[in-house]
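J.:
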Amino acid sequence: MPELFKPGGHVEASRKWLQKYGRVFGIYNFRAPILYVTDPEAIKQILVTDFNSFPDRHFFSDRILVHKEVDTALFFSTGGTWKRIRSVMSPMLSGSKLRLMSACIDRCSSRLAEHLVKATAGGQPVDIKRLTQAFGLDTIAGTGFSIDTDALVDLDTPLVRHARSLFRTGPYIAYFYFMAALFPALTRPIFKMFNIGFFKQEDLLFFETAVGQMIKDRHSAKERNTDFLQLLVDAEVDEEELLHGEGKKLSTEEIVAQCLIVYIAGFETTSSSLQFVLYLLAKNQDVQTKLLEEVDQLVNDLDGTSLSYEHCNQLTYMNMVIKEALRLYPPSSLIFRLAEKDTTVKGIPVPAKAGIWIPVHVISRDPEFFEEPDKFDPSRFEENSDLTLKHNVGTRMLTWLPFGAGPRHCVGMRLAVLELKMALVRILSVARASHALPDVLVVNDVTSLLQPTEPILIQFEKRERSV
Numbered sequence: 001m002p003e004l005f006k007p008g009g010h011v012e013a014s015r016k017w018l019q020k021y022g023r024v025f026g027i028y029n030f031r032a033p034i035l036y037v038t039d040p041e042a043i044k045q046i047l048v049t050d051f052n053s054f055p056d057r058h059f060f061s062d063r064i065l066v067h068k069e070v071d072t073a074l075f076f077s078t079g080g081t082w083k084r085i086r087s088v089m090s091p092m093l094s095g096s097k098l099r100l101m102s103a104c105i106d107r108c109s110s111r112l113a114e115h116l117v118k119a120t121a122g123g124q125p126v127d128i129k130r131l132t133q134a135f136g137l138d139t140i141a142g143t144g145f146s147i148d149t150d151a152l153v154d155l156d157t158p159l160v161r162h163a164r165s166l167f168r169t170g171p172y173i174a175y176f177y178f179m180a181a182l183f184p185a186l187t188r189p190i191f192k193m194f195n196i197g198f199f200k201q202e203d204l205l206f207f208e209t210a211v212g213q214m215i216k217d218r219h220s221a222k223e224r225n226t227d228f229l230q231l232l233v234d235a236e237v238d239e240e241e242l243l244h245g246e247g248k249k250l251s252t253e254e255i256v257a258q259c260l261i262v263y264i265a266g267f268e269t270t271s272s273s274l275q276f277v278l279y280l281l282a283k284n285q286d287v288q289t290k291l292l293e294e295v296d297q298l299v300n301d302l303d304g305t306s307l308s309y310e311h312c313n314q315l316t317y318m319n320m321v322i323k324e325a326l327r328l329y330p331p332s333s334l335i336f337r338l339a340e341k342d343t344t345v346k347g348i349p350v351p352a353k354a355g356i357w358i359p360v361h362v363i364s365r366d367p368e369f370f371e372e373p374d375k376f377d378p379s380r381f382e383e384n385s386d387l388t389l390k391h392n393v394g395t396r397m398l399t400w401l402p403f404g405a406g407p408r409h410c411v412g413m414r415l416a417v418l419e420l421k422m423a424l425v426r427i428l429s430v431a432r433a434s435h436a437l438p439d440v441l442v443v444n445d446v447t448s449l450l451q452p453t454e455p456i457l458i459q460f461e462k463r464e465r466s467v
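Each residue of the sequence shown is one higher than the one before, counting from 1 in full-length UniProt numbering.
1) To the nearest angstrom, report how far apart V117 and K462 are at their CA atoms.
2) Residues in the same chain with beta-carbon distance under 7 Å from A141, minus the five sequence neighbours each way, listed in chain order, please.
3) With a CB to CB cut of under 6 Å and the five nearest residues on each side skipped, what residues in its chain are close to F191?
4) Can you check DSSP and say which residues form a bridge with residue 493?
5) With a threshold of 8 Å on Cβ separation, who are the neighbours of F376 within its own chain once the five nearest residues in sequence on each side are excluded?
6) What residue range does the beta strand (DSSP E) around H435 cover?
7) Here's the rule I'm using: 16 or more other beta-carbon atoms within 10 Å means buried, otherwise exposed. How should L232 be labelled?
8) Tell me which residues share the same chain as L398 and place their Cβ nearer than 7 Å to its Cβ, disregarding the 5 neighbours each side in the sequence.
9) Of the residues S90, L278, V37, P7, which one's Cα is nearest the Cα of R408?
10) Do you know whose CA, among M193, V153, P351, lies nearest S53's CA?
11) Alpha carbon to alpha carbon, what distance is there between E3 and G9?
12) Count the other CB atoms, across all protein chains shown, that sit within 10 Å of the CB of H391; report buried if there are 16 or more and exposed otherwise.
13) Suppose contacts are defined by Cβ-Cβ distances below 9 Å. Is residue 476 in contact with P402 by that definition?
14) Can you find the residues in the same chain that come closer than 6 Å, C-beta to C-beta, to D138, ignoring five residues on each side of it along the sequence?
15) Please classify I85: does DSSP put it in a helix, a strand, or coil?
16) Return the Cβ separation of I255 and I215 in integer angstroms, given the expectation that the two are a contact with Cβ distance under 8 Å.
17) Which residues share a DSSP beta bridge with V417?
18) The alpha helix (DSSP H) spanning I456 covers which residue range?
19) Does the Cβ of K16 have 16 or more other Cβ atoms within 10 Å, making it buried, or fewer, making it exposed?
20) Take E268 as the anchor and find which of H361, L131, W357 has the nearest alpha-carbon.
21) Could you give the residue range of the alpha helix (DSSP H) that holds N29?
22) Could you tell me if P359 is buried or exposed, where buried requires 16 or more neighbouring beta carbons within 10 angstroms of its beta carbon?
23) Do R337 and I363 come within 9 Å of each other at the CB atom, strictly closer than that value?
24) Taking its Cβ as the centre, do 16 or more other Cβ atoms sit within 10 Å of E310, making it buried, or is it exposed?
25) Return the CA-CA distance between S448 and F178, expressed in angstroms with no decimal places.
26) How many Å lie between L389 and Y317 at the Cα?
Here's what the structure looks like:
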């Protein structure tokens with residue numbers, strides 16, 4: 001277990017174990033048996049074909065570190081609760097809903113581009129994560145809750161500050177992991193009493209209070225919004241109705257949980273992915289030049305009109321660039337599943353309640369699956385390549401898992417990609433990423449979220465275009 005908490009985290013430990021033990025092997029996560037899987041056929045069985053045997057996520061030490069505020073959030077929920085919530089939320093992120101959100105995302109993207117040009121006007125590189133975090137917060141606040149935060153104006157507002165510090169990192173989370181694993185009977189009541197878990201309590205409380213007030217405001221509002229929160233409020237039902245099986249409905253507590261996880265997931269994953277894309281473009285000028293040509297063509301066709309969902313679907317090369325960036329730097333380095341019952345995977349007996357760990361980052365850089373795996377090469381995702389053909393589901397395509405796969409894949413996948421595309425169009429129409437530091441990017445994943453060990457600094461050159 002100490003190997004998981006050394007520099008490099010799960011990524012380095014998983015790579016070492018893969019070379020030593022093969023594609024499917026078992027470890028003990030303290031008391032819990034874990035099956036480590038990097039074999040595509042086994043991944044297909046777990047995530048897709050035999051999903052009912054692995055329907056829930058596996059969490060460290062039997063969910064001791066899952067806060068009560070997010071226990072019923074889509075990411076953390078289990079069983080029938082997950083199925084009901086998923087059926088409510090999936091239509092909320094359909095193509096028709098994304099079309100309604102596109103104007104807000106475009107506005108936030110234009111602000112990001114304007115702010116970025118001003119920040120680099122003096123020739124100095126910028127800490128790109130601070131800007132992408134503000135963009136992530138603006139888009140989530142706007143599309144989710146119809147709030148115009150404009151966090152780029154002040155990167156240290158309470159909303160930005162709490163969002164930035166929400167995730168526990170470093171020695172704190174490692175300490176909680178070890179305590180929960182070594183003394184579960186003792187730590188469970190203590191951690192639950194003091195609400196100790198994955199997130200920092202003061203930050204979680206800030207967002208819970210803010211979301212709760214927004215829900216109350218919606219109940220008394222005379223006008224109806226068209227955002228994510230309104231769709232959730234429309235699905236609200238009181239506890240008595242929920243007990244009697246009102247179908248696709250959510251309790252007030254469940255609505256708060258979904259809003260919290262939307263803030264948490266949307267803010268961090270989008271901002272991290274955008275910083276990695278921009279870093280890779282700065283380090284690969286040939287790719288950026290080709291992408292600039294596609295962006296310029298689209299901007300010329302727009303002729304000053306707003307960027308839409310349909311416009312972004314035309315960006316073929318950008319789609320390839322984003323997919324390749326997500327291969328190299330997936331938002332989460334691990335996929336977790338829990339065996340619902342005794343079963344077998346590739347002939348290996350797996351007992352009920354055993355965990356399944358799928359190291360996404362290691363698989364996506366495996367030389368057996370990707371030639372020159374550390375090279376940034378968007379052409380891997382050209383149309384009709386073996387990574388894009390639908391008949392390859394379960395084999396080749398399951399070596400690319402930044403959003404998971406099967407019934408429990410990330411429900412916000414299309415929204416995240418839309419945000420990345422709009423942000424890149426608006427940034428690259430006015431600026432070019434000319435240089436980036438560090439020269440060699442090292443990432444860590446103590447919390448399974450990939451983060452650079454030192455800030456990414458990017459220098460931009462202004463292009464003669466208007467936003």
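Virtual Cβ for every residue (Gly too), placed ideally from N, Cα, C. Computed from a prediction, not measured in an experiment: that's the story for all the values here.
T.: On the basis of the coordinates in this document:
1) As a working mapping, residue 117 is identified with position 117 in the sequence shown. As a working mapping, residue 462 is identified with position 462 in the sequence shown. The alpha-carbon atoms of V117 and K462 are separated by roughly 6 Å.
2) Within the sequence shown, numbered from 1, the residue matching residue 141 stands at position 141. Correct list, in chain order: I147, T149.
3) The count along the sequence shown starts at 1 and reaches residue 191 at position 191. The answer, listed in chain order, is I64.
4) Here the chain covers residues 1 to 467 and nothing more, so residue 493 does not appear.
5) Residue numbering aside, residue 376 sits at position 376 when the sequence shown is read from its first letter. Closer than 8 Å at the Cβ level, and outside the excluded window around F376, lie L280, K283, N284, V287, E324, A325, L328.
6) Along the sequence shown, one-based indexing puts residue 435 at 435. Taken as a continuous stretch (DSSP letters only), the beta strand (DSSP E) holding H435 covers 431-437.
7) Numbered from 1 along the sequence shown, position 232 holds the residue referred to as residue 232. L232 should be labelled buried.
8) In the sequence shown, residue 398 corresponds to position 398, counting from 1. Closer than 7 Å at Cβ, skipping near neighbours: P40, I43, K44, A405.
9) For the purposes of this step, residue 408 is taken as residue 408 along the sequence shown, with counting starting at 1. The shortest Cα separation from R408 among S90, L278, V37, P7 belongs to S90.
10) In the sequence shown, the residue the question calls residue 53 occupies position 53. Per the Cα distances, P351.
11) Here residue 9 corresponds to residue number 9 of the sequence shown, with the count starting at 1. Here residue 3 corresponds to residue number 3 of the sequence shown, with the count starting at 1. Approximately 7 Å, taken between the alpha carbons.
12) Residue numbering aside, residue 391 sits at position 391 when the sequence shown is read from its first letter. Here the model assigns H391 a pLDDT of 42, short of 50, so the residue's position is not dependable, and the following value carries that caveat. Answer is exposed; the Cβ neighbour count stays below 16.
13) In the structure displayed, the chain extends from 1 to 467; residue 476 sits before or after that span and is not available.
14) Walking along the sequence shown from the start, residue 138 turns up at place 138. Cβ within range, chain order: C108, T149, A151.
15) Counting from one through the sequence shown, the residue named residue 85 turns up at place 85. It is helical.
16) Taking the first residue of the sequence shown as 1, we reach residue 255 at position 255. Taking the first residue of the sequence shown as 1, we reach residue 215 at position 215. Rounded, the Cβ-Cβ distance is 6 Å, consistent with contact.
17) Translated into positions along the sequence shown, residue 417 becomes position 417. V417 is not bridged to any residue.
18) Here residue 456 corresponds to residue number 456 of the sequence shown, with the count starting at 1. Counting along the chain, I456 falls outside any alpha helix (DSSP H), and DSSP gives it neither H nor E.
19) Here the question's residue 16 lines up with position 16 in the sequence shown. Classification of K16: exposed, given that the 10 Å Cβ count is below 16.
20) Along the sequence shown, one-based indexing puts residue 268 at 268. The option with the nearest alpha carbon to E268 is L131.
21) Taking the first residue of the sequence shown as position 1, residue 29 is located at position 29. Unbroken run through N29 is the beta strand (DSSP E), 24-29; no alpha helix (DSSP H).
22) Working through the sequence shown from its first residue, we reach residue 359 at position 359. The residue is buried, with at least 16 neighbouring Cβ atoms inside 10 Å.
23) Position 363 of the sequence shown, counted from the start, is the residue given in the question as residue 363. Position 337 of the sequence shown, counted from the start, is the residue given in the question as residue 337. No; because the gap between Cβ atoms is not below 9 Å, this pair is not in contact.
24) If you number the sequence shown from 1, residue 310 lands on position 310. It is exposed - the Cβ of E310 has fewer than 16 other Cβ atoms within 10 Å.
25) Taking the sequence shown and counting its residues from 1, the one referred to as residue 448 is at position 448. Taking the sequence shown and counting its residues from 1, the one referred to as residue 178 is at position 178. One C-alpha to the other measures close to 16 Å.
26) On the sequence shown, residue 389 is found 389 positions in, with the first residue counted as 1. On the sequence shown, residue 317 is found 317 positions in, with the first residue counted as 1. For L389, the predicted structure reports a pLDDT of 47, less than 50, and the residue's modelled location is therefore unreliable. A value from the coordinates is still provided. Those two C-alpha atoms are separated by around 17 Å.
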